[in-house]
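Visitor: Before we start, here is the structure in question, set down as structure tokens.
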Amino acid sequence: MTTAIKFEPTWESLRQYTIPAWYEDGKFGIFIHWGVYAVPAFSNEWYPRNMYIQGSAEYEHHSKTYGPHTEFGYKDFIPLFRAEQFDPAAWAELFQESGARFVVPVAEHHDGFAMYDCSTSRWTSVHMGPQRDIVGELAQAVRERGMVFGLSTHRAEHWWFMNGGRNFPSDVQDPTFADFYGPAVQHEDCDGTQQDTPSLTSHPYPSRDFLEEWLARTIELVDTYQPQLVWFDWWIGHAAFPEYLQRFAAHYYNRGQEWGKGVAINYKYVAYAEGTAVLDVERGQLSDIRPLLWQNDTSVSKNSWSYVVPQDYKTAESLIQDLVDVVSKNGALLLNIGPRADGTIPEAEQEILREIGRWLAVNGKAIYGTRPWKIYGEGPTQVSEGAFTDTQRDPFTPADFRFTTKGNTLYAICLAWPGETATIQALRAGSPLLDGRVAEVELLGAQDTLAWSVQSDGLNIQLPAHMPCRHAYTFKIALTER
């Protein structure tokens, strides 16, 4: 029996944290950006901020479409957010079909509208709009399907998110709605321009009252719904937050032990100390293997996290290739979708998820429960490192391979169909990476017995006439001692 750790709110104590097996093994999850911002469905999920930034496209669109900001503000979208077709069981079935092992809805975005039953706010999906506990219903449906439930909270960003409404007549300044728009605090960098986003060192700092409320709301969220993953956006990296991040993590990790569940926190950049939580890279990847599990969160859409018209979708193929690349570097992929305001998931997004699921049905052995090999892969295509680089890479080629391992099995995933012959240079005769020998080679999904040989240029494999799946192709290679 493992002795429980009593976590204290210090980095030293929190470094005792270990990443749960479900996370290291699961590899693939679904993120869901769904909220009031799906009603205007314009530009992206930052509509509630940018509609109050004079001169922005959102400001002009809002004025022309809905009228003056004093008469129709962001709060007035809430009655139009009805979620009348939201079916959590159908969502969970789709996510399971996609091959996802964990599901992470946004519990509260920067706009401050809670998609759960928050005891300290009337501005929630329980009391307004759908009049349903979205997070609670989805948690139940996801768990019934055997998937891990997590959630995200972006409450920290609410400190400044609506502050553009302070610069001209708008409902942000109406004291009747102060409990919704929140502090909407101006800061010394603010000049009312569209590009104005507070930095992690901007002043004034969040007030003590706001920070205490942030902690209390976040603790209530985890105590009520017992998520096994809590995802935070970047602004918790502000210099005012470390004490509160430590207090939250200690509480959450201790609660996870009480529940008998492995739990995890996601953070961006350097908000949490190394080894105390799981690093998340937004819309970006790493260039090499990271010793600790990390995560890439990205979206099926290039232009928005939430439902908007039009969407610029990625292809299922590119997302599968990214999943493979991320996993080969000891990462997990959290893939976002954006449902419509009525609760339906756009058909194009459903098909992307199902296509990923079809691929995983054939190739999942090379993803789930695997660990990185000695090198992540080989090939000419370079993957940029860092956030917001997810659309910068060139298309992968038949010479691009990614490696994962499980026991004595090496999986070599070719990211584009190589034609008649595949050559894996890392497995060439005399390679320093091989401390054994290649004993057997299979192509997942293929019935044919493969002809192969280890030569000076690599492991050469003769391929069957027909592709066993679409998008990426997995060679299962048995390695034995010499």
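Under our numbering, residues -17 to 464 are what the sequence shown spells out, in order. Just so you know, even glycine gets a beta-carbon here, dropped at the ideal spot from N, CA and C. Bear in mind that the values here come from a model prediction, so they are computed numbers and not experimental data.
Taking 8 Å as the cut-off, does the segment 6 to 14 touch the segment 309 to 321 (at least 3 CB pairs, one atom from each stretch)?
Guide: Verdict: yes, contact present.
Visitor: Under the criterion of a Cβ to heavy atom distance below 7 Å, does L317 qualify as lining the ligand FMN?
Guide: Only the bare structure without any ligand can be found here, which leaves the ligand FMN out of the picture.
Visitor: Note down the Cα distance separating Q208 from W241, rounded to an integer number of angstroms.
Guide: Approximately 8 Å, taken between the alpha carbons.
Visitor: In terms of residue numbering, what span does the beta strand (DSSP E) encompassing Q277 cover?
Guide: Taken as a continuous stretch (DSSP letters only), the beta strand (DSSP E) holding Q277 covers 276 to 281.
Visitor: What is the DSSP secondary structure of L445, reduced to helix, strand or coil?
Guide: If DSSP states are grouped into helix, strand and coil, L445 belongs with coil.
Visitor: Helix, strand or coil, according to DSSP, for W434 in the structure here?
Guide: Strand, per DSSP.
Visitor: Cα separation between M97 and I395?
Guide: Each residue's alpha carbon lies about 39 Å from the other.
Visitor: Kindly indicate which three-state DSSP category G49 falls into: helix, strand or coil?
Guide: It is coil, neither helix nor strand.
Visitor: Would the beta-carbon of F370 fall within 8 Å of that of G266?
Guide: Yes, the Cβ-Cβ distance between F370 and G266 is below 8 Å.
Visitor: So E27 packs on H44, CB below 8 Å; how close in whole Å?
Guide: Not really, about 15 Å apart at Cβ, beyond 8 Å.
Visitor: Report back the beta-carbon spacing between G132 and V86 to the nearest angstrom; my notes put them in contact at under 8 Å.
Guide: Their Cβ separation, rounded to whole angstroms, is 4 Å, which keeps G132 and V86 in contact under 8 Å.
Visitor: Does DSSP put P224 in a helix, in a strand, or in coil?
Guide: DSSP places P224 in helix when its eight states are reduced to three.
Visitor: Check E66 in the structure and name its three-state DSSP category.
Guide: Three-state result, E66: coil.
Visitor: Cα separation between D69 and V117?
Guide: Approximately 12 Å, taken between the alpha carbons.
Visitor: Quick check: the Cα distance between V423 and A411, rounded to an integer number of angstroms?
Guide: Taking the straight line from one Cα to the other gives about 15 Å.
Visitor: Would you be able to state if there are at least three C-beta pairs under 8 Å between the segment 136 to 153 and the segment 88 to 108?
Guide: The segment 88 to 108, when compared against the segment 136 to 153, does touch it at the 8 Å Cβ threshold.
Visitor: Could you check the C-alpha separation between P30 and L461 for me, to the nearest Å?
Guide: The alpha-carbon atoms of P30 and L461 are separated by roughly 55 Å.
Visitor: Give the C-beta separation of S152 and G55 to the nearest angstrom, bearing in mind that I take them to be a contact with Cβ-Cβ under 8 Å.
Guide: S152 to G55, Cβ: 6 Å. Contact.
Visitor: Report the residue ranges of all alpha helix (DSSP H) runs contained in full by the segment 56 to 128; include only those spanning at least 4 residues, in chain order.
Guide: List check, alpha helix (DSSP H) in window: 70 to 79, 116 to 126.
Visitor: Determine the closest residue to I201 out of P362, S101, D304, with distance taken between C-alpha atoms.
Guide: Measuring from the Cα of I201, the nearest candidate turns out to be S101.
Visitor: Can you find the residues in the same chain that come closer than 8 Å, C-beta to C-beta, to A(-14), ignoring five residues on each side of it along the sequence?
Guide: The residues are Q239.
Visitor: Within 10 Å of its beta-carbon, does S269 have 16 or more other beta-carbons around it, so buried, or fewer, so exposed?
Guide: Exposed, by the Cβ-count rule.
Visitor: When the Cα atoms are used, what is the spatial distance from R114 to L120?
Guide: Taking the straight line from one Cα to the other gives about 11 Å.
Visitor: Tell me, to the nearest whole angstrom, how far the beta carbon of T326 is from that of Q67; I am working on the premise that it is less than 8 Å.
Guide: Confirmed, about 5 Å.
Visitor: Are there 16 or more other CB atoms within 10 angstroms of the CB of A3, so buried, or fewer, so exposed?
Guide: A3 comes out exposed.
Visitor: With distances taken from CA atoms, which of Q228, P321, W142, K356 is nearest N188?
Guide: Looking at the sequence shown, residue 188 is not Asn but Pro. Residue W142 is the option with its Cα nearest to P188.
Visitor: Spatial neighbours of N285 within its chain, please: CB distance less than 6 Å, with the 5 preceding and 5 following residues excluded, ordered by chain position.
Guide: Excluding sequence neighbours, N285 sits near D294.
Visitor: Measuring straight from C-alpha to C-alpha, what distance separates F378 and T363?
Guide: Cα to Cα, F378 sits roughly 6 Å from T363.
Visitor: Using three-state DSSP, classify G37 as helix, strand or coil.
Guide: Note: G37 maps to coil in three-state DSSP.
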